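Sequential numbering from 61 applies to the sequence shown in the numbering used here.
We put the CB at the ideal spot given by N, CA and C, even for glycine.
From a predicted model like this one, the values you see are computed outputs, not experimental measurements.
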Amino acid sequence: MIDVKKAIIFGIFAALLILLPGRIVMAGTGSLGLPFGGTIINTKATTVELLEDSGFSCMVPGQTIAIKPVGKSPINYFIPFAVISKTKTTPRISQWILGLYSTPTIITCIYDTYPFPTTTVSLNTITLWGTSK
61 MIDVKKAIIF GIFAALLILL PGRIVMAGTG SLGLPFGGTI INTKATTVEL LEDSGFSCMV
121 PGQTIAIKPV GKSPINYFIP FAVISKTKTT PRISQWILGL YSTPTIITCI YDTYPFPTTT
181 VSLNTITLWG TSK
């Protein structure tokens, strides 16, 4: 009888040890953002670059980049001024980049001539990142 109780308690304890750390890690990562990674293909987001080439001026409080994840289409991101690289490097084309991103930031772009139409670009905001050397 005592062995059955010990086995049940041990089984519950083992299940908690397996399941609980996974939830803690997911909760911790969720508060910082979702993971991303790939190769930097441009040091300006493609959407922002196209608008600026068309005569728009985009007010970016930081930097934008375009990344090519392995096996996927390129994705544009926004890096706020306050978010510094953990590897203390500046993003360059062909570098590998890893990090976390969160909710999108809206970038406003204004056309340079009257009547000054505006448009917006939505980019995922990088909250933590580092690049290869």
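Classification of residue i by the beta-carbon crowding that lies within 10 angstroms, buried from 16 upward
i, result
"Pro151", "buried"
"Tyr174", "exposed"
"Ile166", "exposed"
"Leu183", "buried"
Residue i versus residue j: straight-line alpha-carbon distance, rounded
i, j, result
"Cys169", "Thr147", "31 Å"
"Ile186", "Thr106", "16 Å"
"Thr134", "Lys104", "The question names Thr, yet the displayed sequence has Pro at residue 134. If I take the Cα positions, the gap works out to 12 Å."
"Tyr161", "Phe96", "7 Å"
"Thr163", "Asp113", "26 Å"
"Leu94", "Asn102", "21 Å"
"Pro129", "Gly190", "15 Å"
"Val108", "Ser192", "24 Å"
"Ile100", "Asn136", "10 Å"
"Leu188", "Tyr171", "32 Å"
CB contact flag (residue i, residue j, <7 Å)
i, j, result
"Leu124", "Phe138", "The sequence shown places Thr at residue 124, rather than the Leu named in the question. It is a contact, given that the beta carbons lie within the stated cut-off."
Bridge-paired residues (DSSP) for residue i
i, result
"Ile127", "Ile100 and Ile135"
"Tyr161", "Leu94 and Ile186"
"Ser194", "The structure shown has nothing for residue 194, since the chain only spans 61 to 193."
| message | For the pair the region 169 to 180 and the region 153 to 160, tell me if three or more CB-CB distances fall below 8 Å. | response | The region 169 to 180, when compared against the region 153 to 160, does not touch it at the 8 Å Cβ threshold.
| message | Using 8 Å as the cut-off, can you tell me whether the region 135 to 147 makes contact with the region 110 to 117, which would need three or more C-beta pairs spanning the two stretches below that distance? | response | Between the region 135 to 147 and the region 110 to 117, the count of C-beta pairs closer than 8 Å stays below three; the two stretches do not touch.
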